[in-house]
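By UniProt numbering, the letter at position 61 of the sequence shown is numbered 61, and the numbering carries on one by one without gaps. Cβ coordinates follow ideal geometry from the N, Cα and C atoms, glycine included. Keep in mind it's a predicted model, so treat the numbers as computed, not measured.
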Amino acid sequence: MPIADIDYREYFAPEKLAELQVTFNKFDSSGDGSLGADELFNMFKKLGKSLTKSQLKEVMKEVDFDGSGEVEFEELCILEIKMSRPRPRADLINYREFLDEKLIRRLEELFVRNDPDCKGVIGPVEVERIMEILGCKATSEEVEDVWTDGDKNGSGLIDFAAFASFWAVVTKTRKRTNYREFLTREDVLEMRRSFAEASTRPGGDNITRGELDLLFRKMGFPLKKHQLTALMRDFDSDGSGDIDFEEFCVMMLRLKGGRRLRKISPATHFCEDLWKNENFTVKELQKSGFGLTHFKQVGIPVGQIIQDIPVTALEMRRSEYTASELRRGGMGAAELRSCGFSLAELRVAGFSDSVLRQTNGTLRKCLGSGDLSVLPQQKPVLVPGIGTKSSAIQWLASPAKWTSVPRPVTPRIREHTDWRPLLSKASRPQTAAETSMAVGTVGLGDCEPRPATAGNIFKPNL
Numbered sequence: 001m002p003i004a005d006i007d008y009r010e011y012f013a014p015e016k017l018a019e020l021q022v023t024f025n026k027f028d029s030s031g032d033g034s035l036g037a038d039e040l041f042n043m044f045k046k047l048g049k050s051l052t053k054s055q056l057k058e059v060m061k062e063v064d065f066d067g068s069g070e071v072e073f074e075e076l077c078i079l080e081i082k083m084s085r086p087r088p089r090a091d092l093i094n095y096r097e098f099l100d101e102k103l104i105r106r107l108e109e110l111f112v113r114n115d116p117d118c119k120g121v122i123g124p125v126e127v128e129r130i131m132e133i134l135g136c137k138a139t140s141e142e143v144e145d146v147w148t149d150g151d152k153n154g155s156g157l158i159d160f161a162a163f164a165s166f167w168a169v170v171t172k173t174r175k176r177t178n179y180r181e182f183l184t185r186e187d188v189l190e191m192r193r194s195f196a197e198a199s200t201r202p203g204g205d206n207i208t209r210g211e212l213d214l215l216f217r218k219m220g221f222p223l224k225k226h227q228l229t230a231l232m233r234d235f236d237s238d239g240s241g242d243i244d245f246e247e248f249c250v251m252m253l254r255l256k257g258g259r260r261l262r263k264i265s266p267a268t269h270f271c272e273d274l275w276k277n278e279n280f281t282v283k284e285l286q287k288s289g290f291g292l293t294h295f296k297q298v299g300i301p302v303g304q305i306i307q308d309i310p311v312t313a314l315e316m317r318r319s320e321y322t323a324s325e326l327r328r329g330g331m332g333a334a335e336l337r338s339c340g341f342s343l344a345e346l347r348v349a350g351f352s353d354s355v356l357r358q359t360n361g362t363l364r365k366c367l368g369s370g371d372l373s374v375l376p377q378q379k380p381v382l383v384p385g386i387g388t389k390s391s392a393i394q395w396l397a398s399p400a401k402w403t404s405v406p407r408p409v410t411p412r413i414r415e416h417t418d419w420r421p422l423l424s425k426a427s428r429p430q431t432a433a434e435t436s437m438a439v440g441t442v443g444l445g446d447c448e449p450r451p452a453t454a455g456n457i458f459k460p461n462l
């Protein structure tokens with residue numbers, strides 16, 4: 001069971017956990033499922049870890065959240081993580097719990113661009129190119145180490161799920177903990193009230209470092225300057241000096257050593273219950289694995305969805321929202337037309353003929369000149385003989401202009417907006433816009449291995 005924002009099962013393979021459990025049981029002389037300070041000291045001494053009893057007492061404070069003076073097996077695993085500072089394993093994490101939807105869509109785009117044969121897998125050369133494009137500064141040693149987790153059979157190929165997990169680990173991305181799994185409804189309401197009172201800004205969406213310090217003291221968690229600095233370093237990812245409510249909740253979980261009370265997902269809970277009875281926000285529902293299709297079924301207003309989470313008209317159209325629903329939510333004719341809604345659908349939604357005439361005219365002009373930037377998604381046009389480095393095929397940079405009277409605009413738009421990339425070998429194409437939040441890694445045992453491997457293709461200091 002995860003403790004605060006650390007799930008030890010993401011750091012240790014099952015066989016390693018089994019070894020730790022055997023060692024733990026061996027030194028649990030009382031058989032009560034916990035180790036006292038003396039038992040823990042003897043265990044560490046046997047394992048070759050040099051700690052004085054005073055040092056051990058200090059590190060125990062890091063995980064003995066209930067103050068019992070004893071450490072349970074899960075707490076021992078957390079202690080081992082804090083002492084050894086290993087990284088999560090790419091083959092043991094769900095990348096959607098680390099990466100936000102915007103980044104996932106960007107990685108999808110680059111994955112497809114670097115899979116010219118549309119096989120649903122890429123190799124080290126393509127991964128290196130993506131790292132260069134996005135400015136990843138990981139060393140060759142770090143890259144090779146993480147790559148080994150995802151490329152289990154040594155084929156030199158990984159699908160999108162394995163690549164996204166690789167990316168989360170190699171960039172040292174912090175896990176996006178779902179605090180709703182650790183806190184009761186009453187806990188969340190109380191923390192929202194305290195957070196809002198601490199904020200001096202309109203809306204109360206963020207608090208400063210000073211406000212955070214005062215709030216912690218008020219809640220009985222006075223922190224020393226270096227402790228507060230460490231927390232801000234971990235959670236203030238953009239360096240703004242501000243903390244939002246979600247970050248505040250996870251901070252509190254870490255300070256209190258909160259344990260997960262339940263697992264929330266579409267398989268365990270109904271979206272309607274969480275929305276109506278537990279006052280989940282749209283963002284909290286999304287973090288719990290629910291998507292646009294669920295929101296539509298529950299009847300969450302489109303305007304509320306757009307306000308709470310980043311979402312596009314194309315994603316909502318794919319989830320079967322109508323043009324009328326999206327217009328009521330505040331979306332305009334140009335955005336709806338460019339994502340694939342027909343003129344007839346937009347007329348039903350209530351847009352005037354003059355607005356549609358202007359919108360359609362602009363689109364025809366852009367598409368006729370080969371400018372596809374007005375569309376939310378572009379289907380790749382592959383041509384041989386154009387490429388960089390080892391790539392022999394690349395997206396066509398300037399689509400050809402129409403040389404004859406253009407066909408109806410809607411089919412032309414939908415050629416691009418209805419296209420889906422292949423993100424895994426021999427599987428149904430998936431994108432970040434789909435409502436399913438879990439993407440499994442597909443076995444690549446039947447792939448033909450490429451000559452290059454992570455060990456001999458990645459260059460130092462990428």
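Query                                                                                                                                                                                       : Result
Go through its chain and collect everything with a Cβ distance to residue 149's Cβ below 6 Å, but skip five positions before and after it.                                                  : 89, 90 and 91
Check whether the region 138–145 and the region 155–173 are in contact - that is, three or more C-beta pairs closer than 8 Å.                                                               : yes
For residue 255, I'd like the list of residues in its chain whose CB is within less than 6 Å of its CB, leaving aside the five on either flank, ordered along the chain.                    : 221
For the candidate residues 250, 300 and 7, whose alpha-carbon lies nearest to that of residue 272?                                                                                          : 300
Give, in chain order, every unbroken run of the alpha helix (DSSP H) that is at least 4 residues long and sits entirely within the UniProt domain "EF-hand" (15–50).                        : 37–46
According to DSSP, what are the bridge partners of residue 72?                                                                                                                              : 34
For the alpha helix (DSSP H) that residue 359 lies in, which residues bound it at each end?                                                                                                 : 353–368
Give every residue of the same chain whose Cβ lies closer than 6 Å to the Cβ of residue 36, excluding the five residues on either side of it in the sequence, and list them in chain order. : 70
Rounded to whole angstroms, what's the CA-CA distance from residue 187 to residue 193? Just pull it up for me.                                                                              : 10 Å
Quick check: what's the CA-CA separation for residue 303 versus residue 326?                                                                                                                : 8 Å
Looking at C-alpha atoms only, which residue of 307, 336, 109 and 126 is the closest neighbour of residue 320?                                                                              : 336
May I ask you to report which of helix, strand or coil DSSP gives residue 309?                                                                                                              : coil
Measuring CB atoms only, is the region 279–296 touching the region 259–271, in the sense that at least three cross pairs come out at less than 8 Å?                                         : yes
Let's see if you can read the secondary structure: which residues bound the alpha helix (DSSP H) around residue 277?                                                                        : 271–277
Would residue 223 and residue 243 be called neighbours here (beta carbons separated by less than 7 Å)?                                                                                      : no
Over what stretch of residues does the beta strand (DSSP E) that includes residue 470 continue unbroken?                                                                                    : No answer is possible for residue 470: it lies beyond the span of the chain, which begins at 1 and ends at 462.
Verify whether the separation of the beta carbon atoms of residue 260 and residue 181 is less than 7 Å.                                                                                     : yes
For residue 474, which three-state DSSP category applies?                                                                                                                                   : Residue coverage of the chain in this structure runs from 1 to 462, which leaves residue 474 outside it and unanswerable.
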